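To start, the structure itself, in structure tokens.
2 protein chains.
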Amino acid sequence: MRPVAVIGIGKTNFGALADQDIRSMAVEAGQKALADAKLEPKQIEAFYLGNFAGPSFVGQNHLAPYIAGALGMAGVPATRFEAACASSGSAFFHAVSAVGAGMYDLVMVGGVEKMTSQTTPKVTEILAGAGDLCGEVKAGATFPALFAMIARRHMHQYGTTREMLAAVAVKNHGNGAKNPQAHMKKVITMEQALNGKPIAEPLTVFDCSLVSDGAAAVILAPLDRAHEFTSQGCRVLGIAQTSDQVALDQKDDITEFRAVKAAAEKAYRMAGVGPKDIDLAELHDCFTIAEIVASEDLGFTKKGEGGPYALSGATCINGEKPINTSGGLKAKGHPVGATGVGQICDLVIQLRGQAGERQVKKADIGLAQNLGGSGATAVVTILGRN
Amino acid sequence: MRPVAVIGIGKTNFGALADQDIRSMAVEAGQKALADAKLEPKQIEAFYLGNFAGPSFVGQNHLAPYIAGALGMAGVPATRFEAACASSGSAFFHAVSAVGAGMYDLVMVGGVEKMTSQTTPKVTEILAGAGDLCGEVKAGATFPALFAMIARRHMHQYGTTREMLAAVAVKNHGNGAKNPQAHMKKVITMEQALNGKPIAEPLTVFDCSLVSDGAAAVILAPLDRAHEFTSQGCRVLGIAQTSDQVALDQKDDITEFRAVKAAAEKAYRMAGVGPKDIDLAELHDCFTIAEIVASEDLGFTKKGEGGPYALSGATCINGEKPINTSGGLKAKGHPVGATGVGQICDLVIQLRGQAGERQVKKADIGLAQNLGGSGATAVVTILGRN
């Protein structure tokens, strides 16, 4: 596979964007990415779109040509990828693979979701479609409940505490407050985090990511052409997509995600680096416990030590392994289908040194981990500066 | 790109399958394809799934790992592709591209849809999500209405008649009656077809494809490994996916599908063949007019002459260009997400000489054309005998 680079990025703000519909958000992100790469729509050879549940949230399906047409790219292969909350991570994986294989030179990968036009119960029902409707969901589980079970088991097995979960929330809220594009720019204290409204014990409102609208897009090119468009191309060093059973009860150990471990192993091998080489990471903190589990699955810390690791401050912007400097899904927001490509954008912003007061000092190699459902899809990407 | 072969096929019956859910259908098709290729699930390296609207029809989303897990393939990259009625055609295109690029050797491509558990008005609403909700659908158009406009314009511009449309219905019903896996095995006469219950003038119930449940799957391998699994591998000679605007009012000429013409041109070029070399074709007859338009867009006959061509008998099993020997979407059934891969299975059955009383005498090269919406996605595939 020839090396591939990200040569342009673009994002809408994440939030409750009452004035924007699913198409206008995706178009805004796409146009920003085109402008960033100094490209015209007609130069794009294929369009990869991640979207989880546009048809359920807003009724519109067939979204890839719908958005490609609005962007002035009608004609190109335009395809929607759905892999729950890893939808645009999956689109990105397939696009990188295609450019790497020499099928195309210039492609756009987008991600979009419009969620806030639905009521919370309806959002919960639509999100539950990423679980097993015939099993866990029929039995009454929602996603907060599934991750609450994961948290409980992690607490039982490794002594993880509510304070350790809360440390993730406090950090990510702090980071989000410094991100002008974040959904929630609200610093919270440890005391607040520990006294949040219960959602599914032991998870409180501060342990749960946000229901957001938003879109993100990136442009890919072969590395040897990146210099034609930018002096700040970021190379895809390693990438992998894997799967696992959808239902939580089908897994041997719910304190880890097999799919994440497998994807990380492949991505590290492809990149020729290990966990120690990662300068910063955007992890899929749909719930605070998910960030803790991911930091273990990715080898940033030992199994069972993700909680103390978070509490130690190691994952803060000035720590040894900054995690979610964007604010993460917790504070930046989680427009499901946009999250995977949004993470790539956030890594690129850091690798380019454009993160302002959130900037990490040494930002040469970044890792993004995008999770679908309770671990049935995982995409791990490792990006390096040019 | 290295040559790719279809080494295994499997299909459920198409119909109102009250006893099967979306997962059990997909598993049945996948297991049949594995058995046909004499493969174990663990040998499959990636799973590509086409599904249009599982979340809307039955609530279940994240379908690719859901089905991969049930098939015993948990772990592989498992991805759902959505491109309206061309969803599994698109999955097939991406899978062929990946095997062709050397990413994988053995992959499964599936397609599935469970539609009959919903009422007709709800099905119509869900299908409308493949059109432009903010435009044509808001203005009251359903898919029968959109294709009725196409038919009207074709009649006006080229003198196409109701009898010509009916000829497509009569032929496809006749073929479907000979297909043991077809949804509708009912021969109809020209008189019946002309006197069908009106749906959207000039289209009657006999001009519209069926609302069906069903699944289909194929296994791909590099051509140079096909002999390890089968003596009847079929080579993918050419394939292309293209797009166009979603809304009908955004097109210059609604009597043709630009996306189909562009995909056909690419696929013919890749295969090194032309329309005259195609021995038989499975075309996307979601409505009878769509088969007529496709026969023109693919160059089987001149622009505007698709109607007389159908009426002449040229497209019957014993004609010069047999079209939809399976019965087509009209009689075989149209479980939307399964249709693209189902067409591939039907071509393979013919190329292998296994079509029984529907068998075409010379079946060396077959073409499948899969359409999304009113032409916003097109996938054209050309298959050859080994």
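If you read the protein sequences in the order shown, they are chains A and B.
Mapping of the first sequence onto this note's numbering: residues 1242 to 1627, in sequence order.
Mapping of the second sequence onto this note's numbering: residues 1242 to 1627, in sequence order.
Every residue, glycine too, gets a C-beta built ideally from N, C-alpha and C.
As the structure is a computational prediction, the values presented were derived from the model and not from experiment.
Is residue i helix, strand or coil when you go by DSSP?
| i | result |
| --- | --- |
| residue 1591 of chain A | helix |
| residue 1484 of chain A | strand |
| residue 1326 of chain A | strand |
| residue 1439 of chain A | strand |
| residue 1623 of chain A | strand |
| residue 1597 of chain B | helix |
| residue 1250 of chain A | strand |
| residue 1611 of chain A | strand |
| residue 1503 of chain B | helix |
| residue 1478 of chain B | strand |
| residue 1563 of chain B | coil |
| residue 1528 of chain A | strand |
| residue 1375 of chain A | coil |
| residue 1383 of chain B | coil |
| residue 1519 of chain B | coil |
| residue 1549 of chain A | helix |
| residue 1445 of chain B | strand |
| residue 1580 of chain A | helix |
| residue 1455 of chain A | strand |
| residue 1243 of chain A | coil |
| residue 1539 of chain B | coil |
| residue 1533 of chain B | helix |
| residue 1495 of chain A | coil |
Would you report the Cα separation of residue i and residue j, rounded to the nearest angstrom?
| i | j | result |
| --- | --- | --- |
| residue 1255 of chain B | residue 1565 of chain B | 15 angstroms |
| residue 1319 of chain B | residue 1280 of chain B | 18 angstroms |
| residue 1550 of chain A | residue 1542 of chain A | 7 angstroms |
| residue 1504 of chain A | residue 1590 of chain B | 37 angstroms |
| residue 1247 of chain B | residue 1597 of chain A | 52 angstroms |
| residue 1405 of chain A | residue 1350 of chain B | 43 angstroms |
| residue 1373 of chain A | residue 1547 of chain B | 46 angstroms |
| residue 1576 of chain B | residue 1452 of chain B | 6 angstroms |
| residue 1243 of chain A | residue 1343 of chain A | 7 angstroms |
| residue 1491 of chain B | residue 1424 of chain A | 35 angstroms |
| residue 1465 of chain B | residue 1341 of chain B | 11 angstroms |
| residue 1407 of chain B | residue 1413 of chain B | 10 angstroms |
| residue 1586 of chain B | residue 1438 of chain B | 32 angstroms |
| residue 1537 of chain B | residue 1580 of chain A | 43 angstroms |
| residue 1429 of chain B | residue 1333 of chain A | 48 angstroms |
| residue 1365 of chain A | residue 1486 of chain A | 21 angstroms |
| residue 1477 of chain A | residue 1291 of chain B | 27 angstroms |
| residue 1523 of chain A | residue 1567 of chain A | 8 angstroms |
Taking all protein chains shown into account, do 16 or more other C-beta atoms lie within 10 angstroms of the C-beta of residue i, making it buried, or fewer, making it exposed?
| i | result |
| --- | --- |
| residue 1571 of chain B | buried |
| residue 1252 of chain B | buried |
| residue 1327 of chain A | buried |
| residue 1259 of chain B | exposed |
| residue 1302 of chain B | buried |
| residue 1520 of chain B | buried |
| residue 1615 of chain A | buried |
| residue 1268 of chain B | buried |
| residue 1595 of chain A | exposed |
| residue 1442 of chain B | exposed |
| residue 1448 of chain A | buried |
| residue 1398 of chain A | exposed |
| residue 1497 of chain B | buried |
| residue 1381 of chain B | exposed |
| residue 1620 of chain B | buried |
| residue 1331 of chain A | buried |
If you measure from the beta carbon of residue i to each beta carbon in chain D, is any gap under 7 angstroms?
| i | result |
| --- | --- |
| residue 1512 of chain B | Protein chains A and B are contained in the structure displayed, whereas chain D is not. |
For the stretch 1468-1486 of chain A, which residues have a CB atom closer than 7 angstroms to at least one CB atom of chain B, in sequence order? 1482, 1483, 1484, 1485 and 1486
Looking at chain B, which residues of the stretch 1312-1325 of chain A have a Cβ within less than 7 angstroms of any of its Cβ atoms?
-> 1315, 1316, 1317, 1318, 1319, 1320, 1321, 1322, 1323, 1324 and 1325
>> Suppose only complete runs of 3+ residues qualify. What are the beta strand (DSSP E) ranges in the stretch 1256-1314 of chain A, listed by chain order?
In response: 1287-1291
- Under 8 angstroms (Cβ pairs) to chain B, residues found in the stretch 1421-1440 of chain A: none
task = Compile a chain-ordered list of the residues in the stretch 1296-1313 of chain A whose CB is closer than 7 angstroms to at least one CB of chain B.
result = 1296, 1297, 1300, 1301, 1302, 1303, 1305, 1306, 1307, 1309 and 1310
Within 9 angstroms of chain A by C-beta, residues of the stretch 1344-1360 of chain B in sequence order: 1344
Item to check | Contact set between the stretch 1445-1461 of chain B and chain A, restricted to residues whose Cβ is under 8 angstroms from the partner | outcome: none
(Q) Counting only Cβ-Cβ distances shorter than 9 angstroms, please list the residues of the stretch 1268-1284 of chain A near chain B, keeping chain order. (A) none
Requested in this report: Note down, in chain order, all residues in the stretch 1498-1530 of chain B with a beta-carbon under 8 angstroms from any beta-carbon belonging to chain A.
Outcome: 1499, 1500 and 1503
* Asked: Taking Cβ-Cβ distances below 9 angstroms as the criterion, which residues of the stretch 1375-1392 of chain B are in contact with chain A?
  -> 1375 and 1378
_Ordered list of beta strand (DSSP E) runs contained in the stretch 1326-1366 of chain B, each at least 3 residues_ = 1348-1354
Item checked: Proximal residues, the stretch 1568-1588 of chain B versus chain A, C-beta separation under 8 angstroms -> none
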